[in-house]
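A.B. asks: There's a structure below that I have some questions on.
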Amino acid sequence: NRLDLSRIEGGALRPDRDWHDLSDLVQHVLEQMERQTERHRIDVKLPDDLPLVWLDYVQISQVMTNVIGNAVKYTPPGSTIEVAATPVEGDGLVELRVTDHGPGIPAAALPHIFETFYRALPDGHVPGAGVGLAICKGLVEAHGGTIAAESRTREGTTMRGRLPVGPAEPASDGRGAA
């Protein structure tokens, strides 16, 4: 994680993009996290008509793993974690959401959770170094996207990542305009 963070901060970590099915990516991440999520209910909401997305599969899988992992760490066993994706109408974006029903993030901490080494609960209650969400932010932004959190104390948190569906500029085939 710290190596990835160094590369992100130095601008050296570039997405190796290709077209991918988000449903497959989410399913793969959840399969990889099966042991970690076994004490929670995972509710997956993915429409059948999600577009393919131009992304780095490994990097966005890491984002999903970090965000789902946080939801697991900060919510009680038996609670539901919702993983969803939807196209953003008219914007050429797709939104990935992870919603938990845990204690939420204190309002004073919310603006800082994507900062490197920031811990909303610094008392050591939950293990971690405070780099996971900073890495998520860097990876999503390297894709030309955004990530944000919404939270209500004692109601839960929703992490929203928005990614462009396709490349920022059309690929050139070298033939020029007709």
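For the sequence shown, the working numbering assigns the number 1075 to the initial residue and increments by one for each residue that follows.
The C-beta atom is built at its ideal place from N, Cα and C for all residues, glycine as well.
1. Would you mind working out which of V1100, W1093 and D1095 sits nearest R1171, comparing C-alpha positions?
2. Can you check the stretch 1099-1125 for any beta strand (DSSP E) of at least 3 residues that lies completely inside it and give the ranges in chain order?
3. Do T1227 and G1178 have their C-beta atoms within less than 8 Å of each other?
4. Nearest CA to the CA of P1241: which residue from G1166, A1183, P1185 and A1222?
5. Using CA coordinates, which residue listed in Y1148, P1151, T1160 and V1168 is at the minimum distance from H1217?
6. Between the beta-carbon of A1208 and the beta-carbon of E1189, is there less than 8 Å?
7. Where Q1110 and L1104 are concerned, what is the direct C-alpha to C-alpha distance, given to the nearest angstrom?
8. Would you identify the three-state DSSP class for T1149, choosing helix, strand or coil?
9. Quick check on the burial criterion: 16 or more other C-beta atoms within 10 angstroms. Buried or exposed for G1206?
10. Which complete beta strand (DSSP E) runs does the stretch 1136-1188 hold, if anything under 3 residues is left out?
C.D. replies: Let's see:
1. Of V1100, W1093 and D1095, the residue nearest in Cα terms is V1100.
2. Correct list: 1115-1119.
3. One thing to note: T1227 has its Cβ within 8 Å of the Cβ of G1178.
4. Comparing Cα positions, the closest option is G1166.
5. Comparing Cα positions, the closest option is V1168.
6. In this structure, the beta-carbon distance from A1208 to E1189 falls below 8 Å.
7. Straight-line Cα distance between these residues: approximately 9 Å.
8. Coil at T1149, not helix or strand.
9. With 16 or more Cβ atoms within 10 Å of its Cβ, G1206 is classed as buried.
10. The stretch 1136-1188 is shown to contain whole beta strand (DSSP E) runs of 3 or more residues at 1154-1162 and 1167-1173, in chain order.
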